[in-house]
Structure formats: C-alpha cells, structure tokens
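A.B. asks:
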Amino acid sequence: MKKISKLLLVLLMGALLLSACKGTVPVPENMSTQASKEETDEPIEIELTDPAVESELGSKSAEDIFALTRTSTDPLTTDDNRMACTPGEPLFAPLSDEIRVQYQIPDIPEVSEEDWVLGSEDALMTIIFYTDFQCPYCALFASESHKLLETYPDDVRLVYRPLPLSFHNLAPLAAQAAEAAGLQGKFWEMHDHIFAKQQDWNSLTIEGFTEWLNDAAEELGLDVEQFSADVVSEEIVNKITEQTEFHLSLGINATPSLFINGYPWQQSWYASTLGLVVDTMKAEAKLSFECPPFVIDPEKTYIATMETEKGKMVFELYPNVAPLAVNSFVYLSQSGFYDGVTFHRVLQDFMAQGGDPTGSGMSGPGYTYAEETHPELLFDQPYMLAVAKTNAPSSSGSQFFITFEPAEWLNGGYTIMGRLIEGVDVLKSITLRDPSAQPAPDFEGDKIIRITIEEN
222 MKKISKLLLV LLMGALLLSA CKGTVPVPEN MSTQASKEET DEPIEIELTD
272 PAVESELGSK SAEDIFALTR TSTDPLTTDD NRMACTPGEP LFAPLSDEIR
322 VQYQIPDIPE VSEEDWVLGS EDALMTIIFY TDFQCPYCAL FASESHKLLE
372 TYPDDVRLVY RPLPLSFHNL APLAAQAAEA AGLQGKFWEM HDHIFAKQQD
422 WNSLTIEGFT EWLNDAAEEL GLDVEQFSAD VVSEEIVNKI TEQTEFHLSL
472 GINATPSLFI NGYPWQQSWY ASTLGLVVDT MKAEAKLSFE CPPFVIDPEK
522 TYIATMETEK GKMVFELYPN VAPLAVNSFV YLSQSGFYDG VTFHRVLQDF
572 MAQGGDPTGS GMSGPGYTYA EETHPELLFD QPYMLAVAKT NAPSSSGSQF
622 FITFEPAEWL NGGYTIMGRL IEGVDVLKSI TLRDPSAQPA PDFEGDKIIR
672 ITIEEN
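Residue numbers (our numbering): 222 to 677.
1) Indicate the three-state DSSP secondary structure (helix, strand or coil) for Ala-212 in the structure shown.
2) Assess contact between the region 512 to 527 and the region 662 to 676, defined as three or more Cβ pairs (one per stretch) separated by less than 8 Å. Is contact present?
3) In whole angstroms, what separates the C-alpha of Pro-249 from that of Asp-336?
4) Over what stretch of residues does the alpha helix (DSSP H) that includes Met-502 continue unbroken?
5) Give the list of continuous alpha helix (DSSP H) stretches no shorter than 4 residues that lie fully inside the region 390 to 443.
6) From the DSSP output, in three-state form, read off Glu-466 for me.
7) Go to Arg-683, then tell me how far its alpha helix (DSSP H) extends in each direction, as first and last residue.
8) When you compare only the Cα positions, how much space is there between Asn-390 and Asn-423?
9) Say whether the region 369 to 385 touches the region 468 to 479, bearing in mind that this needs 3 or more beta-carbon pairs closer than 8 Å, one atom from each stretch.
10) Name the DSSP bridge partner or partners of Ile-481?
11) By how many angstroms is the C-alpha of Asp-655 removed from the C-alpha of Phe-622?
12) Throw me the rounded Cβ distance for the Asp-667 and Phe-564 pair, which I believe falls under 8 Å.
13) Could you give the distance in angstroms between the alpha-carbon of Gln-659 and the alpha-carbon of Glu-530?
14) Could you check the C-alpha separation between Pro-540 and Ala-661 for me, to the nearest Å?
15) Of all the options Leu-598, Asp-376 and Glu-665, which has the alpha carbon lying nearest to the alpha carbon of Asn-632?
16) Helix or strand or just coil, what does DSSP make of Ala-450?
17) In chain order, what residues of the same chain have a beta carbon less than 8 Å from the beta carbon of Lys-521, not counting five sequence neighbours either side?
18) Is the CB-CB distance between Phe-558 and Pro-603 below 8 Å?
19) For the beta strand (DSSP E) that contains Glu-335, what are its first and last residues?
20) Exposed or buried, which one is Lys-610 when buried takes at least 16 other CB atoms within 10 Å?
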C-alpha cells in the first residue's frame with residue numbers, strides 16, 4: 222500500500238512541490254511541553270544583522286520564538302539514534318503480486334527476445350508501449366520517445382508492442398509492415414517512417430497503402446520483393462493477430478498505453494515530462510532510503526549560511542520548535558546534499574523554493590517525516606524558512622521555501638524551521654521561475670553553492 226500510494230502521489234506531478242498553497246494538515250492535537258530555551262543556563266542572544274529584515278519582522282523577536290516549545294510528544298529518535306522518519310522507496314519500486322491484484326495492474330510480460338527493443342538493457346527506465354500506427358497520439362509519442370532517448374541514451378529503453386485497434390482499418394497492415402522490415406534489420410526505421418508520414422497514408426485504401434509501404438521499403442533500402450511477400454505472410458499476420466488478442470486480454474484497450482518499469486503511466490508522455498522522471502530516478506539511485514542520524518542538540522542554537530550564485534543568506538534555525546526539520550536540514554547541509562541544488566520554483570511576491578536535487582520538484586532525500594507546526598509560530602511575517610510537502614501528512618522532506626511576504630494561509634500546514642536574518646537583497650534577487658508555466662522554463666534556477674552550519 223505504501224509503495225503504490227507514494228507512486229501515485231509523485232505521478233500526479235505535484236509530488237514535492239509546494240503545490241497546495243493552502244495547507245491542509247491540522248495542528249497536532251497532543252500538546253505537551255519540554256524544557257524551553259529560557260530555562261537553560263545560557264541565555265539565547267541572536268541579533269538581526271540585516272536592517273531590511275528587522276524593519277519587516279513585526280513584533281515576534283528571536284527570543285520570543287526560542288521561548289516556544291515543541292508541541293508533539295512523539296519521539297525524535299529511534300533506538301539506534303536515528304531521526305524518527307519514514308524511509309522512502311524508489312519511484313518505481315518492484316511490483317509485488319499483492320499490489321498488482323489490489324490495484325488491478327495488468328501483469329504484462331517481461332521484455333523478451335520476441336520484443337523490438339531500442340536502448341540499453343541496463344537502462345533505469347524501461348518504457349513498454351502498446352501502439353497503433355494509425356493513432357495520431359501514437360505518432361506524437363513516437364516522436365517524443367525518440368527525443369527522450371536522444372537526451373538519455375544510457376537511461377531509457379523503449380519496447381514496442383503492437384495494438385492495432387479495430388476501428389483503424391490500416392493499422393494491422395502497418396504493424397505487419399514494421400515486422401516485415403524487422404526481418405531485414407530495419408524495424409525501427411520502418412516504425413519511424415510510418416509514424417512520421419502518417420498524414421500521407423492515413424486516408425488511403427488498403428491497396429493504396431500497400432503500394433505506399435512498398436515505396437517506403439524501397440526508400441529504406443529493403444529488398445522490396447521479399448518485404449512485400451513477408452508483409453502478408455501467414456507467419457507475420459498470425460503474429461500480429463495473436464499479439465493483439467493477447468494484449469486486449471490483459472485489459473489494454475487504448476493507445477498509446479505506456480508501462481514504466483511495469484507501472485501503468487497515465488500522465489503526460491512528452492519528453493520534457495518523462496525527462497523529469499528520469500532525472501528523479503537518477504537522483505534516487507544515489508539515495509540510501511533510510512532515516513538519517515540525529516545530529517543536532519535541540520537545546521543548542523543553529524545558524525545556517527546559504528551561499529548562492531546571487532550571494533549569501535543567513536538563517537536562524539528553530540530546533541526547539543521543529544527539531545526533526547532542523548535535524549534533517551542540518552544533516553543534509555553538512556553532507557553536501559544541497560550543494561549545486563537550484564531554486565526550482567520562485568514565485569513573485571510569494572516564495573523561493575529549493576532543495577530538490579533533480580531541480581524538478583519531484584524528488585527528495587529518500588525519507589519523509591512529520592510536520593511540526595506551532596500555533597504561535599506563523600507565516601504572519603516575511604522571510605520565514607519552511608519545509609515543503611505534499612498534501613499528505615508526514616510528507617516533509619528536503620525541499621524548503623523562503624517566503625517573500627506574509628502568507629498566513631499556510632499556517633498550520635507547513636513546518637517553519639527558521640527565518641532569514643541576513644541577505645534580504647539576495648533573496649529578492651533570486652530569478653523568478655514557475656515550472657508549471659506554459660511553456661515550461663527553458664533555464665535552470667539559481668544555484669545553491671553550499672550551506673554551512675554554525676552550532677552554539
């Protein structure tokens with residue numbers, strides 16, 4: 222259940238974006254207190270060094286915030302001193318029989334010698350596509366899939382399976398022609414040619430299309446006489462007929478139907494979208510999918526200095542209120558996770574979001590943890606450093622955002638783990654970038670060079 226739920230969230234393309242600007246996660250009901258910073262021997266002395274920040278922060282001072290205590294009584298660590306979290310799983314975790322049955326996922330055959338395959342056997346992403354040569358959307362996918370393969374030659378594998386639909390009278394013959402060309406080593410050349418010229422033959426008669434295919438075979442350098450005989454041979458006709466019937470028996474009755482690493486893909490199959498998925502899978506290959514060690518002391522203070530392409534920003538962190546979020550942020554910063562990561566989503570008068578190693582908004586650190594909201598720590602002032610999440614509870618991860626203005630509709634939905642105390646000019650200079658815009662941005666966001674942590 223956990224695997225498929227995570228997958229479906231991510232496939233909706235809003236997975237780790239701050240896509241739901243109005244938070245839906247309620248403040249935890251089980252309130253409790255623990256030793257506050259006021260009760261320690263050493264007073265907390267953090268001064269705002271940026272006048273631009275000081276003039277806009279309002280009445281709540283650093284001392285006020287550090288006097289707050291965590292509202293949850295849930296443990297911070299496990300028995301082996303790891304942070305309390307939920308280890309993640311790869312975007313396309315291996316499919317179990319239980320998941321197949323529960324979600325009625327067709328048990329499609331593994332890739333075999335019977336398939337026409339393009340790409341590396343060791344590719345991260347295998348796309349099995351069921352297609353109809355007379356389907357206009359299939360023609361578009363054929364073009365997009367090659368763009369994807371050109372961009373990710375070592376990471377993508379394409380697997381063709383025929384599914385000529387009954388209302389496309391020329392589709393079976395086109396599938397037979399591709400098979401016949403394959404006997405002469407030019408399956409993909411014929412596949413691409415038929416799709417690329419679909420408008421030229423789509424309205425022809427059977428006889429006219431047969432003649433068109435023979436001309437195509439000659440253009441591709443095939444033995445036309447042999448090709449012409451093979452197209453209508455009993456072996457090829459039966460093969461296409463049997464494959465079509467079998468594919469329909471699996472419940473696959475629309476084209477193009479895509480399966481990525483065994484999972485049905487019902488989202489956009491444009492190369493730009495699938496490229497984001499490949500990037501996510503590549504980033505995931507570097508993750509351990511386990512909870513990080515607990516590296517902070519909630520009784521201490523932490524200052525984070527974020528060096529970016531645009532300059533330096535300094536943040537005070539709030540381990541007293543959000544120890545899980547601060548621990549994750551500190552651990553990832555110290556391990557170099559954020560080095561080179563971009564601000565992938567920057568919206569005018571709202572916020573700058575980063576923390577995704579793919580720059581797509583779809584990835585994270587390989588684990589998630591519970592939100593840590595506080596009724597007295599709110600988005601009622603600008604420059605708050607908070608944790609991005611999905612609409613699901615306990616979905617906080619590595620992505621964070623910094624608000625430009627008060628954003629009180631986020632109250633109770635997102636963990637505030639700190640705020641900017643120096644570098645307002647740098648924050649306001651970060652390049653605007655909306656990944657949901659059409660057309661999508663053709664540039665990367667501004668980069669984080671490194672984040673260093675000071676503990677006191």
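Built from N, CA and C at the ideal position, the CB exists for glycine as well.
C.D. replies: Reading from the atomic positions:
1) Since the first and last residues shown for the chain are 222 and 677, residue 212 lies out of range.
2) yes
3) Its pLDDT being 26, under 50, Pro-249 is placed unreliably in this model, and the coordinates cannot settle the point.
4) 492 to 505
5) 392 to 403, 408 to 417, 419 to 422 and 427 to 440
6) helix
7) The structure shown has nothing for residue 683, since the chain only spans 222 to 677.
8) 10 Å
9) yes
10) Ile-348 and Tyr-484
11) 14 Å
12) 5 Å
13) 26 Å
14) 37 Å
15) Leu-598
16) helix
17) Pro-540, Glu-676 and Asn-677
18) no
19) Note, Glu-335: premise wrong, no beta strand (DSSP E); not H, not E.
20) buried
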